[in-house]
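Q:
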Amino acid sequence: MAEPTDDILRARAQWSQPGHPRPDAIEIPGPGQESVWSYPRPPRLEPCAHTVRVLFGSEVIAQTDRALRLLETSHPPTYYVPPADVTWAWLERAVGTSTCEWKGAATFWTVRVGDRVATRAAWSYGDPFPEYGALTDHVAFYCAAMDACLVGGERAQPQPGGFYGGWITAHVVGPFKGGAGTSSW
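Right, dumping it as structure tokens:
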């Protein structure tokens with residue numbers, strides 16, 4: 032497993048300081064709902080109780096009953112599909128990487144089905160930091176880049192802003208980080 036550098040540890044430490052801004056109007060969850068403002072930081076990784084499906088064109092890119100969901104303050108859940116449940120014939124490695132202070136260095140994937148291409152539409156962690164070792168080689172997909180991302184049969188909506196990869200369903204309330212004016216959350 033990769034180990035966090037001093038820079039990563041400093042980035043993590045900023046979140047343990049009190050006084051981080053929160054939005055004024057946090058939605059109150061109803062029955063069967065969760066608030067993203069009840070999610071922890073550092074993020075919690077847990078099994079997903081629902082089938083997760085990812086569709087692009089006429090193809091099922093991924094489908095699993097063994098997804099992991101990552102829950103982090105202010106973010107809708109991000110769903111990670113085990114590598115055995117991804118149709119790798121549709122994925123090709125994309126240019127570039129990014130680093131998350133919690134999970135480590137991400138590899139990006141392009142989804143290609145026939146003439147349709149979604150560049151950098153998915154990502155994975157080949158060597159995550161030890162706390163997130165269960166994510167090794169699991170793949171997460173940007174909801175906005177796919178034709179449909181479903182959780183328990185419900186069509187998810189993308190997290191605002193395009194940078195983060197959370198999926199919004201009726202089971203989660205915000206407001207959600209990602210849109211204009213939310214970078215300090």
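Take the sequence shown: its position 158, counting from 1, is numbered 189 in my numbering, and each next residue is one higher. For every residue, glycine included, the Cβ atom is placed at its ideal position computed from N, Cα and C.
1) Quick one: Cα of proline 62 to Cα of alanine 56, how far?
2) From threonine 95 to proline 35, what does the alpha carbon distance come to, in whole angstroms?
3) What residue does the alpha helix (DSSP H) around isoleucine 39 start on, and which one ends it?
4) Which one of Leu40, Thr104 and Pro60 has the shortest CA to CA distance from histidine 202?
5) On the criterion of 16 or more Cβ atoms from any shown chain inside 10 Å, does methionine 32 qualify as buried, or is it exposed?
6) In chain order, which beta strand (DSSP E) runs of at least 3 residues are fully inside the segment 67 to 131?
7) Going by DSSP in three states, tyrosine 163 sits in which element: helix, strand or coil?
8) Taking the straight line between their C-alpha atoms, what separation do you get for glutamate 90 and arginine 124?
9) Can the beta-carbon of tryptophan 133 be found closer than 8 Å to that of valine 170?
10) Determine the DSSP secondary structure at alanine 18, reduced to helix, strand or coil.
11) Near alanine 137, what residues of its chain come up, given a Cβ to Cβ distance below 8 Å and the 5 sequence neighbours on each side ignored?
12) Tell me, which residues are paired with lysine 208 by DSSP?
13) I need the DSSP call for glycine 135, collapsed to helix, strand or coil.
14) Rounding to the nearest angstrom, what Cα-Cα distance links valine 126 and arginine 186 in this structure?
15) To the nearest angstrom, report how far apart arginine 84 and aspartate 38 are at their CA atoms.
16) Helix, strand or coil for arginine 151, going by three-state DSSP, please let me know.
17) Count the other CB atoms, across all protein chains shown, that sit within 10 Å of the CB of glycine 135; report buried if there are 16 or more and exposed otherwise.
18) Would a C-beta distance cut-off of 8 Å place glycine 197 and proline 107 closer than the cut-off?
19) What is the rounded straight-line gap between the Cα of methionine 177 and the Cα of arginine 41?
A: In brief:
1) 19 Å
2) 30 Å
3) Where isoleucine 39 is concerned, the enclosing alpha helix (DSSP H) stretches over 37 to 44.
4) Pro60
5) exposed
6) Fully enclosed beta strand (DSSP E) runs of 3 or longer: 75 to 78, 83 to 87, 90 to 95, 99 to 102, 109 to 111 and 122 to 131.
7) helix
8) 19 Å
9) no
10) Outside the shown range of the chain (32 to 216) lies residue 18, about which nothing can therefore be said.
11) Thr128, Ser129, Thr130, Cys131, Trp154, Ser155 and Tyr156
12) Gly210
13) strand
14) 29 Å
15) 36 Å
16) Residue state, collapsed to three classes: strand.
17) buried
18) yes
19) 34 Å
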